[in-house]
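Asks:
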Amino acid sequence: MTLDVQTIRKDFPVLSREVHPDTRLVYLDSAASSQTPLPVLEAMDHYYRWSRSNVHRGVYRLAEEATDLYEGGRTKLAAFVDADPRGVVFTKNATEAINLVAYSWVRRHHKPGDVLLSTLMEHHANHVPFLYAAKDLGLEVRHVPLTEDGRLDLDAARDLVADGRVKFLAMVHVSNVLGTRNDVAAMTALVRDANPEAVVLVDGTQAVPQMPVSFRDLDVDFYAVTGHKMCGPTGIGALVAKPERLEEMDPFLTGGEMIRDVSIESVTWNDVPAKFEAGTPMIAEAAGLAAAVDYLTGIGMQAVREHETALTQTFIDRLSQVEGVTVHGPRDAELRGGAISFAIDGVHPHDVGAMLDSKGVCVRVGHHCAKPLMKHLGVVATARASLYLYNDVDDLDPLVEGIVAARSFFRR
Numbered sequence: 024m025t026l027d028v029q030t031i032r033k034d035f036p037v038l039s040r041e042v043h044p045d046t047r048l049v050y051l052d053s054a055a056s057s058q059t060p061l062p063v064l065e066a067m068d069h070y071y072r073w074s075r076s077n078v079h080r081g082v083y084r085l086a087e088e089a090t091d092l093y094e095g096g097r098t099k100l101a102a103f104v105d106a107d108p109r110g111v112v113f114t115k116n117a118t119e120a121i122n123l124v125a126y127s128w129v130r131r132h133h134k135p136g137d138v139l140l141s142t143l144m145e146h147h148a149n150h151v152p153f154l155y156a157a158k159d160l161g162l163e164v165r166h167v168p169l170t171e172d173g174r175l176d177l178d179a180a181r182d183l184v185a186d187g188r189v190k191f192l193a194m195v196h197v198s199n200v201l202g203t204r205n206d207v208a209a210m211t212a213l214v215r216d217a218n219p220e221a222v223v224l225v226d227g228t229q230a231v232p233q234m235p236v237s238f239r240d241l242d243v244d245f246y247a248v249t250g251h252k253m254c255g256p257t258g259i260g261a262l263v264a265k266p267e268r269l270e271e272m273d274p275f276l277t278g279g280e281m282i283r284d285v286s287i288e289s290v291t292w293n294d295v296p297a298k299f300e301a302g303t304p305m306i307a308e309a310a311g312l313a314a315a316v317d318y319l320t321g322i323g324m325q326a327v328r329e330h331e332t333a334l335t336q337t338f339i340d341r342l343s344q345v346e347g348v349t350v351h352g353p354r355d356a357e358l359r360g361g362a363i364s365f366a367i368d369g370v371h372p373h374d375v376g377a378m379l380d381s382k383g384v385c386v387r388v389g390h391h392c393a394k395p396l397m398k399h400l401g402v403v404a405t406a407r408a409s410l411y412l413y414n415d416v417d418d419l420d421p422l423v424e425g426i427v428a429a430r431s432f433f434r435r
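Going by our numbering, the sequence shown opens with residue 24, and the numbers climb by one from there.
1) Can you tell me where the beta strand (DSSP E) holding Trp292 begins and where it ends?
2) Can you tell me where the beta strand (DSSP E) holding Glu41 begins and where it ends?
3) By the three-class DSSP mapping on this structure, what secondary structure does Ile13 have?
4) Can you tell me whether Trp128 is buried or exposed, with buried defined as 16 or more other CB within 10 angstroms of its CB?
5) Taking a contact to mean a Cβ-Cβ separation below 8 Å, would you say Phe35 touches Tyr413 in this structure?
6) Given this structure, state the Cα-to-Cα distance separating Tyr126 from Ala193, to the nearest angstrom.
7) Measuring only the C-alpha atoms, how far is Leu396 from Arg75?
8) Can you grab the Cα-Cα spacing for the pair Gly16 / Val124, in whole Å?
9) Is the CB of Trp73 under 8 Å away from at least one CB in chain B?
10) Please check the pair Ala314 and Val63, which I expect to be a contact at CB under 8 Å, by giving their CB distance rounded to whole angstroms.
11) Buried or exposed for His43, please, with buried defined as at least 16 other CB atoms from any protein chain shown within 10 angstroms of its CB.
12) Please report the Cβ distance between Lys382 and Gly347, rounded to the nearest whole angstrom; I am assuming they are in contact, meaning their Cβ atoms lie under 8 Å.
13) Since Leu269 and Gly81 are thought to touch, with beta carbons under 8 Å apart, how far apart are those beta carbons, to the nearest angstrom?
14) Along the chain, where does the alpha helix (DSSP H) containing Ile322 start, and where does it finish?
15) For Glu308, count neighbouring C-beta atoms within 10 Å of its own C-beta (all shown protein chains included) and say buried if the count is 16 or more, exposed if not.
16) At the level of alpha carbons, what is the spacing between Arg72 and Leu92?
17) In terms of DSSP beta bridges, what is Arg359 paired with?
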């Protein structure tokens, strides 16, 4: 199925604006945060205008409507990633979801000498919480190295797990820097072949917006997602988990709503997932996330995947024709997502970003919250263009022209 990009673009008002005189906006930073379509804005506005109330607390009409909106967001997100709604815990973002696992699973279930396995391509959000826990608990952390083209070295991974001591794996599904689409099933099988009781957490923030994802088929224990990268609002994400894993965890945030009973001396937690959602939750954001799920479902995630793959390959092929430009990550778009990091010999990424901004092109420059990977690549920063469902080949022209102009101007 071919996406009707021009029709899709009409759903995103910001894409019609000029950022400089006679210079249209070319938004190529969706890996950082996607733009928001009208149905999402309308869903949140409807809650604030007509159903503003708290959830799970009242028996009057507005309270019931708000609760239905909130729980409807949970149900729709669960269906979108093929998971049990009882395993969907709303958080403020994926970072909080990962920290929930670090505090409530790793710190409770691991002891000195246990081994945590990660990779060299992780976002700080999927690295720092476990590094912190490992230092506090006396755990060993191992990292899967990368191949020359930016994929996980599965042979090296097999050696790292051979002693059967790896009890926890934290890995990214799609890299926010390299674009690499990792084989989660293969990595999970490697770890569990060596230790069948190993627990697996996947950072799915870049995968869920770009491709069909089935939590059941992946058969991992935890999967972190965020709303603002999948056409949804900021301020909401989720930990998708096997309900039985959540039942083995205690909350690390406590307060109202997440309790079943409280006395002066003791507390009994609520059922999952409520026991992890203390206080007034992100109600409007849940309504917006539900609308984002409906929006993406209507377009079709396989169609989104195919569109991104074709556009990514076109961009990589065009970049390969520009002298002095290095593309990080796989050159085959079938092996990656829509985030393409690149460097121009002798030109700082911030200068590249400034030149592109003068042409209306928005890209990310910096270390992309992945400093260990930057050090592995031998760079301090890169420029990154990330393509999404509202981009097409017309967006590539000012992007490539800006890259060529940056190379010409800053290397004089």
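Where a beta carbon is used, it is the ideal one built from N, C-alpha and C, also for glycine.
Replies: In brief:
1) 290–292
2) Segment 41–43, the beta strand (DSSP E) holding Glu41.
3) Residue 13 lies beyond the range of the chain shown here (24 to 435); nothing can be said about it.
4) buried
5) yes
6) 14 Å
7) 44 Å
8) Given that the chain is displayed from residue 24 to residue 435, the structure contains no residue 16 and the question cannot be resolved.
9) In summary, chain B is missing from the structure at hand, where a single protein chain is found.
10) 5 Å
11) Exposed.
12) No, Lys382 and Gly347 are not in contact; Cβ-Cβ is about 19 Å, not under 8 Å.
13) Actually they do not touch by this definition, with Cβ atoms about 26 Å apart.
14) 306–322
15) Buried, since its Cβ has 16 or more Cβ neighbours within 10 Å.
16) 14 Å
17) Thr203
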